[in-house]
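Numbering (my numbering), first residue to last: 4 to 97.
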Amino acid sequence: NTLSAKDAMKAQMDALMGRDRNLSTEERARRKPHFSDPEHNKHYLAGLCPYSLFTNTKDDLGPPPASNGDICEAAMKAEYDKLSQEEKNKYGYE
């Protein structure tokens with residue numbers, strides 16, 4: 004399961020500059036973030052993020068790595084928490 008050179012470069016650019024790098028400022032402002040976007044930490048949404056569970060302990064892991072989804076927003080968690088258990092199961096985060 005290897006990536007082509009083009010796909011590898013696209014993945015690297017997404018990691019460095021974000022998926023919305025080619026959108027205009029107006030398009031970026033209109034885009035509504037969703038908790039299923041890859042930049043949102045799925046473990047945080049499910050309430051099991053080890054990066055936030057062990058804060059200020061000897062097992063503190065520091066901030067989550069960018070490859071793991073580094074955005075831990077309370078608004079996204081609230082949106083996810085509003086879903087029924089059946090809808091949550093469709094995303095597979097729990």
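Using N, Cα and C, we set each Cβ at its ideal position, and we do this for glycine too. This one's a predicted model, so the numbers in the text were calculated from it and none came from an experiment.
With 16 other Cβ atoms within 10 Å as the buried cut-off, status of residue i
i	result
F38	buried
N92	exposed
N25	exposed
N44	buried
Close Cβ partners of residue i (< 6 Å) along its chain, the five nearest in sequence each way excluded
i	result
K80	L48
Q15	none
Sub-8 Å separation of residue i and residue j beta-carbons
i	j	result
F57	L51	no
R34	D17	no
Spatial neighbours of residue i in its chain, beta-carbon cut-off 8 Å, leaving aside the 5 residues before and after
i	result
P53	H46 and L64
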